[in-house]
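Reminder that position 218 of the sequence shown reads as 816 in this note's numbering, one-by-one numbering, no gaps.
Heads up, the beta-carbon is just placed ideally off N, CA and C, and yes, glycines get one too.
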Amino acid sequence: MNQTEKAKAFGALHRKGDPVVLYNIWDAGTAKAVADAGAKALATGSWSVAAAHGYADGEKLPMSVLVETAKSITAAVDLPLSVDFEGAYSAEPDGAAANVAKVVEAGAVGINFEDQVVGGGGLYPAERQAARIRAIRAMAEGKGVPFFINARTDLFLAESDLSKHAGLVDEAIERGKAYAAAGGSGFFVPGLIDPALIEKICAASPLPVNIMMRTGAPDVKTLAKLGVGRVSYGPGPYRSMMEKLKQEAAAIYSLL
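Given below as structure tokens:
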């Protein structure tokens, strides 16, 4: 498949009630392993890619390294790739679009694009984030790629008190609608695990909703029944693999 075909195929995988499952990767090697396991598409996780290169999350990883990682993955595996691009390394709409263009040129067919102010705290106002999404959409259309912009809101991830999540749902729905109108393709709500709230957002969202698996989250089959269109695993796969590596290494060194 060429890039346009991959982008169309990737978008078609996002179906409410029949979610695409993305077990997040961080390099070409993990991409091959997940592809061999039966994945229909691939997605990096920013936390994992950064950690694999010795950096913290939050755009601490040089953008050039992230772009080269994307290139190595698309060269190694013939599946659609979505890149977790955080805040696109720019607060300005034009800057964000120019940076995302590099991801498009690397062969990716989508990004995660978050509304938190990376390194600054808080979230961008919805209209400001919508302007950034519009700029990215215009850039992608100019390249002729039906690029998948997974518009992420950090409302729930930023609030550790789960009892307060219900009070954030209305704002999340309004943000999702604004992001959809601006050209978003999906609506990512990491941190949300309450089934009733997930179902409410899925019912109101004009976009397929992405839930990130974490402790306490419903399983994939339950999420499908709630209307979710995409399930991802964030840093979980990296943490799991590193813990196994550590345990195996410790078992060896304990014998010396």
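Whole-angstrom C-beta distance between residue j and residue i, which should lie under 8 Å
{"i": "residue 731", "j": "residue 749", "result": "6 Å"}
{"i": "residue 639", "j": "residue 611", "result": "6 Å"}
{"i": "residue 789", "j": "residue 755", "result": "3 Å"}
{"i": "residue 706", "j": "residue 668", "result": "5 Å"}
{"i": "residue 833", "j": "residue 643", "result": "6 Å"}
Sub-9 Å separation of residue i and residue j beta-carbons
{"i": "residue 784", "j": "residue 827", "result": "yes"}
{"i": "residue 856", "j": "residue 722", "result": "No information on residue 856 is available, as it lies outside the stretch 599 to 854 that the chain covers here."}
{"i": "residue 649", "j": "residue 840", "result": "yes"}
{"i": "residue 677", "j": "residue 606", "result": "no"}
{"i": "residue 620", "j": "residue 838", "result": "no"}
{"i": "residue 738", "j": "residue 744", "result": "yes"}
{"i": "residue 713", "j": "residue 752", "result": "yes"}
{"i": "residue 596", "j": "residue 805", "result": "Because residue 596 is not part of the residues shown, which for the chain are 599 to 854, the question remains open."}
Best match in the options for proximity to residue i [C-alpha to C-alpha]
{"i": "residue 740", "options": "777, 702, 667, 644", "result": "702"}
{"i": "residue 746", "options": "778, 814, 645", "result": "778"}
{"i": "residue 795", "options": "782, 809, 818", "result": "809"}
{"i": "residue 600", "options": "679, 613, 834, 849", "result": "679"}
{"i": "residue 797", "options": "608, 645, 768", "result": "768"}
Beta carbon proximity, residue i to chain C, threshold 9 Å
{"i": "residue 679", "result": "Among the protein chains of the structure shown there is no chain C, as only one such chain exists."}
Residue span of the beta strand (DSSP E) that contains residue i, given as start and end
{"i": "residue 720", "result": "Counting along the chain, residue 720 falls outside any beta strand (DSSP E), and DSSP gives it neither H nor E."}
{"i": "residue 574", "result": "Nothing in the structure corresponds to residue 574, since the chain is present only between 599 and 854."}
{"i": "residue 750", "result": "746–750"}
{"i": "residue 623", "result": "Here residue 623 belongs to no beta strand (DSSP E), and DSSP marks it neither H nor E."}
Endpoints, alpha helix (DSSP H) assigned at residue i
{"i": "residue 697", "result": "691–703"}
{"i": "residue 662", "result": "661–674"}
{"i": "residue 682", "result": "Where residue 682 is concerned, there is no enclosing alpha helix (DSSP H), although the beta strand (DSSP E) it sits in stretches over 679–682."}
- Query: Pairing CB atoms from the stretch 644–659 with CB atoms from the stretch 694–701, are three or more of them under 8 Å?
  - Reply: no
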